Each structure stands twice: as structure tokens, then as C-alpha cells.
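Asks: Dropping the structure in here first, questions after.
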Amino acid sequence: MHAAESAPIVVSGIGVTASIGQGRRAFADALLAGEHRFAAMRRPGRQKPASDGDVAPAFIGAEIADLRMPDAVAAAKLRNLSWSAQVALATLQEAWDDAELDDVDPRRIGLIVGGSNFQQRELALTQAKYQHQPEFLRPTHAMTFMDTDLCGVCSETFGIRGLAITVGGASASGQLAAIQAIEAVRSGQVDVCIALGALMDLSYFECQAFRSLGAMGSDRYAHQPELACRPFDRDRDGFIFGEACGAIVVRRAADATRTPYAELKGWAMAWDANRNPNPSLEGETAVIRGALARAGLSADAIDYVNPHGTASVVGDETELAALRACGLDRAHLNSTKSLVGHGLSAAGMVELIAVMLQMQAGRLHPSRNLDSPIDAGFRWVGATAIDHVVERALNMSMGFGGINTAICLQRS
Amino acid sequence: MNLEDVFAIIVGHTREVVPGLDDYAFQFTDSLRELGANSIDRSEVVMLALESLSLKAPMIDFARAENMGELATLLHAKL
Chain A
1 MHAAESAPIV
11 VSGIGVTASI
21 GQGRRAFADA
31 LLAGEHRFAA
41 MRRPGRQKPA
51 SDGDVAPAFI
61 GAEIADLRMP
71 DAVAAAKLRN
81 LSWSAQVALA
91 TLQEAWDDAE
101 LDDVDPRRIG
111 LIVGGSNFQQ
121 RELALTQAKY
131 QHQPEFLRPT
141 HAMTFMDTDL
151 CGVCSETFGI
161 RGLAITVGGA
171 SASGQLAAIQ
181 AIEAVRSGQV
191 DVCIALGALM
201 DLSYFECQAF
211 RSLGAMGSDR
221 YAHQPELACR
231 PFDRDRDGFI
241 FGEACGAIVV
251 RRAADATRTP
261 YAELKGWAMA
271 WDANRNPNPS
281 LEGETAVIRG
291 ALARAGLSAD
301 AIDYVNPHGT
311 ASVVGDETEL
321 AALRACGLDR
331 AHLNSTKSLV
341 GHGLSAAGMV
351 ELIAVMLQMQ
361 AGRLHPSRNL
371 DSPIDAGFRW
381 VGATAIDHVV
391 ERALNMSMGF
401 GGINTAICLQ
411 RS
Chain B
1 MNLEDVFAII
11 VGHTREVVPG
21 LDDYAFQFTD
31 SLRELGANSI
41 DRSEVVMLAL
51 ESLSLKAPMI
61 DFARAENMGE
71 LATLLHAKL
């Protein structure tokens, strides 16, 4: 192995935006306090029209209430930016500043945007508005409907010239972006690579399809939205959407200008050769073992696991079976999705960030609504945060289409 | 609707699309390009004006306008 390929890879910058807080400090505080913003979703394009022309009961989710844009982004520029792009810019600005990238050669900086089909809600709004007057459709729609518009918007704003691509891995996209960023730095393609888990902006069409598929939570908690999101609880019945975006700056440890958040010790991807949304015990155990092996760690060395935990009926059980099969039933465990919901393309990145912020705080955040865990044999963090200095953690993601990812982190 | 009304509509959309022109005193002789509108911005301004005027016409019909006054004249002629 080439020396550069074996150099330790670290995270030297973080940016995060979620319903519970914008910025790593606000986000960490809210995580540790167990806050949530689950409610009936109000963003235009997420209300399901009823058959009688009225508005049907809204889907439950967690939306970003108030986005602060960085001063560098002119207000007038926002009119042509999708919601996903606006949140990406605000999030990336934080990570960029945190990692002090202004002094890095822009030709040596890369950007991997995790996710695809980001702008479904805006597509639904556009199609509804111009259905009967297509002649007036905005010319800029031709730019914004493409996922790679996020690459263009971010690279133009920050002057990134080394690399800018999207990678799609359904709900594992955020972690897939992190893994691709690690590989871009290891291979020498760039010196610094930003991995961004982009906000997937669902419309009611996707919410309805997810619900029909049995993946999204039902109307069971329509009148108690605070109870709807309950990963690993016996009363779960599907994921609850949460708007989110996260970005990390990946580089070799020797190049970092500040104390890193964590070392990215090991990572793995595995495919199930299965287009469907059902989980695979084989695929999940493969990535757990693969990430541990690359990190050179045994399961006993992992003292905290941040699982995927969508609250899918079968998915949560399969994930716990995989953790048990890999000897990870003694590590502490909580669910970030129980606080922020399922960010889909952003989820894996936001959870990776949650791991590092908990490492930094020396505390593990609570799991909401974990009233009756489906397996009480695990070391769950329940309704209140606990003190725990994480030395080595494992973070997992899975996505429709049979993708599994896992990343192993070590405290710097 | 007279020519000045059409010009006012173009001015309104130009302020919407091009940053920093909120207090600018627009003249018929002003060039959108010289005011900082790139080709995409200019097409957005024309399309927004067409929508405001409920005027269905191909964008190419307005490509020869050298300034905002000429654009207003071309639009007004199609009303």
C-alpha cells in the first residue's frame, strides 16, 4: 500500500442543519437535551390534497423552521436556488469555516454530494403551477431540477475546483458520500474532500408512496405527532421524515489545521443484489465486519453504536440481529432518528456528525419514544442523556435497492 | 396598457432577478447585460414579463432587443 493510502484520515470540519437546530453547537445541545420538532408538516407541496378538493390530514415530519443563510450568499441569489441547495450552502459554509479551507488550493478541494432526486417538492409545485401554462415555465427550471445543480451551486459559491459529483445510495447516500470522500483523499485525487448529505425535499407524492409501501409511519399518531417517531420500539410502524443536511471535511490527519473531531478508521459497503426495500441480515453483517476489519478492531473495542434505525418493522429487527451476530450487543446504543426523523439522503451524514458531537461532549443523547425496546438485551440510552466517553464508534446506513454501509470512528 | 406600464413590469422583474438594483432609476436606454444580468437572468426577466402580461410568444422574438426600452416596445407590440 502506498504511504498516502495508509495515512490516517480525519474529520476536520462539521456543518449541520436539522429541525432541532442549525449549526453544530445548537444541534449538539438539542440532541443532548432530547429535543424534537415533530408536527404536521406545513411546507407547501407536502399537504396531500383530498379527493373532494379540500386538504387531507398532513403527514407528520420534522421541518427546519428558520434557515439562517451565510452573509456570503446574496439574498437575491436565493430566488433561483432550490430549498435543498439553500440548506446545502448554509451547511457547507459552517463546515468550510470550521475546517479553515480558505487557504487551501481550490484545485485540491473536492465535493461529494450524497443523494439523488433532491427536489421532488419543488417539482410538484412547479408542475402544479405550470400544468396549464407551460409557456411561462422559468428557464432556470432546466438547471435546478438536476441533482448536479447542487454541485454547481456549491462549487461556484466556494470556488471548489478539484472535484464535484453526486453519489446516490438512497438512505445510505450520506455515508456513501463520506466513503467516497475518504477514497478521493486516500487516492490523492484531492487533498481535502467535503462530503455532504443533502436535504431530500419530499413532496406529498413521495410521502404517500412511502406510506403505501409500508415504509413511512401511518396515521396512527396523527393526533400525537410527538409519539410518531419511535425507532426500535415495539409500537413503531415506519419512518418519520425529517428535513436535514450535514457536511464533513475529510483530509489526512497530517494536513489538518485543528484538532480533528475523529479519525475515520474503517468503512465498508455491500450490496444485496436486491432492488427491493427489504433489509438483508447478510448485507448488514458484511458491512459491520468489513468496517471493523479495515479499522483493525474487534467488536469488543466498539463502545457506542449509532444504528440506521428507521423504525421500519422488519428493518429494526434485522439491524439488531446483525449487531448481535457481530458481537456488538454490549456497546451503548441510541437512535438519532428518534430526535430528528429520517433525513433519507442526509441521514447517514447527520448521524455520523451526531456520533462525533457526542464524542466531543462525552455524553450520549437520549432515544425518544423508546418505551418498550424490541430487544431489551442491548445497552440502550433511554429517555435521558448519559455521560459516556466514546472511544470507538460504529455508524450504519442502509438504503432501498440493497445498499449497506458502515463507518468506524475513533476519538482523536 | 401603454408602453410605460410594460416598461414598469420589466423593471419590477429586473429588480427581482438582478441583485442590488432596488434603488436604481431605470431608463429606457439601460441594457440588462450592463446592469449585471447574464443570459439566464435575461431570459428569466423576459419570461416573467411574458407571464405578467399573459402573453404567449416565443422567447426568440425578443432576442434582438438592445436595451430595456426596445424590449418593452417589442412586448407592447404583441399585446
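Chains as they are written, first to last, in the UniProt record's numbering: chain A, 1 to 412; chain B, 1 to 79. Every residue, glycine too, gets a C-beta built ideally from N, C-alpha and C. All figures in this text were calculated on a predicted structure; none of them were measured in a lab.
(1) List the whole-angstrom C-beta distance separating A/E391 from A/R258, where the pair is believed to meet the contact cut-off of C-beta under 8 Å.
(2) Going by alpha carbons, who is nearest to A/L339 out of A/L320, A/Q360, A/A215 and A/A311?
(3) Got a sec? Which residues, its chain only, sit under 7 Å from A/E226 by beta carbon, not counting five neighbours each side?
(4) Specify the secondary structure class of residue 127 of chain B as computed by DSSP and reduced to three states.
(5) For A/V381 versus A/L333, is the C-beta distance shorter than 8 Å?
(6) If you count every other CB in all the chains shown that lies within 10 Å of the CB of A/G362, and 16 or more means buried, which is it?
(7) DSSP state of A/C326, grouped into three classes?
(8) Within the continuous beta strand (DSSP E) that includes A/Q133, where are the two ends?
(9) Between the region 21-52 of chain B and chain A, which residues of the former have CB atoms less than 7 Å from a CB of the latter, in chain order?
(10) Pick helix, strand or coil for A/D102, following the three-state DSSP scheme.
(11) Given A/A58, which residues of its chain have a CB within under 8 Å of its CB, disregarding the five upstream and five downstream residues?
(12) On the three-state DSSP scale, how would you describe A/H308?
(13) Going along chain B, which residues have a C-beta under 7 Å from A/T140?
(14) At the 8 Å Cβ level, is A/A90 part of the contact set with chain B, yes or no?
(15) Suppose contacts are defined by Cβ-Cβ distances below 8 Å. Is A/G15 in contact with A/A247 by that definition?
(16) Quick one: which chain B residues come within Cβ less than 7 Å of A/E135?
(17) Mind checking whether A/E263 and A/L111 have CB atoms under 8 Å apart?
(18) With a threshold of 7 Å on Cβ separation, who are the neighbours of A/G309 within its own chain once the five nearest residues in sequence on each side are excluded?
(19) Applying the 10 Å Cβ sphere with the 16-neighbour rule, what's the burial state of B/N38?
(20) Need the endpoints of the beta strand (DSSP E) that A/S397 sits in, please.
(21) Could you work out which residue in A/H132, A/W83, A/A299 and A/L89 is closest to A/E122 when comparing CA atoms only?
(22) Suppose the cutoff is 6 Å on Cβ atoms and the five residues either side in sequence are ignored; what does the same chain contact list for A/A85 look like?
(23) As a quick exercise: from A/H223, A/N306, A/S212 and A/S173, pick the residue whose alpha carbon is nearest that of A/L199.
(24) Cα separation between A/I182 and A/C193?
(25) Run through the region 126-193 of chain A for me and flag every whole beta strand (DSSP E) of 3 or more residues, listed as ranges in chain order.
(26) How many Å lie between A/I302 and A/L328 at the Cα?
(27) Buried or exposed, going by whether 16 or more other CB atoms sit within 10 Å of the CB of A/P221?
(28) What number of angstroms, rounded off, separates the C-alpha of A/Q365 from the C-alpha of A/G61?
(29) Grab me the residues of A/V11's own chain with a C-beta within less than 7 Å of its C-beta, minus the 5 sequence neighbours each way, in chain order.
(30) To the nearest angstrom, how far is it from the Cα of A/A244 to the Cα of A/E94?
(31) My output table needs one value for A/A262: the three-state DSSP class, helix, strand or coil.
(32) For chain A, check one thing: does any of its Cβ atoms lie closer than 8 Å to the Cβ of B/E70?
(33) Which partner residues does A/W380 have in the DSSP bridge list?
Replies: In short, the structure shows the following:
(1) At roughly 20 Å, the Cβ-Cβ gap does not stay under 8 Å, so A/E391 and A/R258 are not in contact.
(2) A/A311
(3) H36 and F38
(4) Given a span of 1 to 79 for chain B in the structure shown, any question on residue 127 of chain B remains unanswerable.
(5) yes
(6) exposed
(7) coil
(8) A/Q133 -> no beta strand (DSSP E), and no H or E assigned at all.
(9) I40, S43, E44, M47, L50 and E51
(10) helix
(11) A40, M41, R42, R46, Q47 and K48
(12) coil
(13) I40 and E44
(14) no
(15) yes
(16) K56
(17) no
(18) P231, F232, D316, E319, S335 and K337
(19) exposed
(20) R392 to G399
(21) A/W83
(22) L150 and V153
(23) A/S173
(24) 7 Å
(25) 163-167
(26) 7 Å
(27) The question names Pro, but residue 221 of chain A is Tyr in the sequence shown. A/Y221 comes out buried.
(28) It is worth fixing the name first, because residue 365 of chain A is His in this sequence and not Gln. Going by the C-alpha atoms only, they are around 20 Å apart.
(29) I248, V249, V250, P260, Y261, A262, L264 and M356
(30) 14 Å
(31) strand
(32) no
(33) A/L333
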